Structure formats: structure tokens, C-alpha cells
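Residue numbers (the numbering used here), protein chains in the order written: chain Y, 89 to 201; chain W, 1081 to 1194.
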């Protein structure tokens, strides 16, 4: 059963530390999305890639967030330095033009103290 | 630009009672419509989707949603809820399905009371 995987599932860190979250999209999917879920803002798009090229990262704070796809099987979201307001659940999703839906990973719950 | 409004943040309902979760959207282009469900401490699962064709779409677990273009709505209904339906429900739109971003509503927390 093909699934999107994310690591780590939980991360607790201190303010100022670097955080890296990883996502493995479903094999064959060419589009990868990063969403963030908070109580205040709900679910919002941070960035997305198609065929490993970034198409939109306007939802990310540029000074501290960066997203990359080193290869077709790995997407990363990095925060440096992290701040308490970054505490949230970060979801990765993947999709393709042939499918009508996106498939979500289980999320990374980040707590920045 | 697209936006989604879920009018109710919380909906408590007794077991076996009917429920309707409301969703309205705004878009300058044609969109696909989705309902996702999130159980506690889990990711999002697709519940149902409207792409085209029949305006009434159904899920395998008894939920249905009706697309109403004139009212720009996509309300979710179930005639008889179970305790296991307790979850957060998100309405979302996108220009396409699998490869364009989703715009989500704020979510509706459905609590089913025994």
C-alpha cells in the first residue's frame, strides 16, 4: 500500500536550533506539497514542487525556512533558526496529474521551546 | 484566488442523529472540491471529492456531499452518525486535483455524543 512517509513524527527542540523534516512521496508522484497546521491559521500551504522544481514557496518565511528536493524520492523542509511560533504540525503530500487527489503523510509535530 | 469558509467550528451531535457540516467556497475559476477527515493525532484522509458530473457524491462510510454551483456550496451530510465519526473535517478546493495546491477551510470539529 503506497504511502507518503515523514520523519521525524515528533520533534522537540529549543529556540535557535536547526530543524530538518523529511518526506518521501509516493513513487511515481511528481508533485510534492508542504502544508503547516496550527490552531490559529489552520492548514496553509508553505511550498510545493513539481518534477523537483519549486513552483511556489510564497507561504514560507524566506529568512528562516527552506525547502528542497534533492531527488525524486526525498523532499526536505528546514527551519534555521527555529522559533516558538514555528510550533505546528507539518504535513507533506504528494500527487500527480493522473490522480484527482493528494495523499498526505502522517505529519511531523514540531515543538519549539 | 480561492477561499473556503466552514461556518461551524464545532458541531456536537448525538449518536444516530443526522448531521450537516457546511462549506462555502469562492473562486474565479472552476475548482475541484474535497472533504478531508482528520482523526486525533493523525494525518488527513480524503473522504470524498467532486470533480464534475453528478453533483451528489458519496463516500464508502455513509457520508455524502452536494455541489451547488449557484450557492457556491459543498455541504457534507450523514443521515446517522456513529461515535467513530468523531473527528475534524476539512473542506478544500483546488484548480486541479493531484498536482495543484489545496486551499482549506478552518475545519469543523464533529463530536458524536453517546
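Here a beta-carbon is modelled for each residue, glycine too, at the ideal position from N, C-alpha and C.
Here the structure is a predicted model, which means the values were calculated and not measured.
Buried/exposed call for residue 116 of chain Y, threshold 16 Cβ in 10 Å: exposed
Any chain W beta carbon closer than 8 angstroms to residue 121 of chain Y: yes
In the DSSP assignment, the beta strand (DSSP E) including residue 1163 of chain W goes from what residue to what residue? Element bounds for residue 1163 of chain W: n/a, residue is neither H nor E.
Less than 8 angstroms between CB atoms is the rule here; does residue 156 of chain Y satisfy it with respect to chain W? no
Is the Cβ of residue 115 of chain Y closer than 8 angstroms to any Cβ of chain W? no
If you run the structure through DSSP and keep just helix, strand and coil, what is residue 151 of chain Y? coil
Is residue 188 of chain Y close to chain W, meaning its C-beta is less than 8 angstroms from at least one C-beta of that chain? yes
Can you pull the DSSP bridge partners for residue 1191 of chain W? W/1092
Segment limits, beta strand (DSSP E) that includes residue 1100 of chain W: 1099-1101
Host beta strand (DSSP E) of residue 1116 of chain W (start-end): 1112-1118
Whose Cβ in chain Y lies nearer than 8 angstroms to the Cβ of residue 1205 of chain W? In the structure as shown, chain W starts at 1081 and stops at 1194, and residue 1205 of chain W therefore has no counterpart that could be examined.
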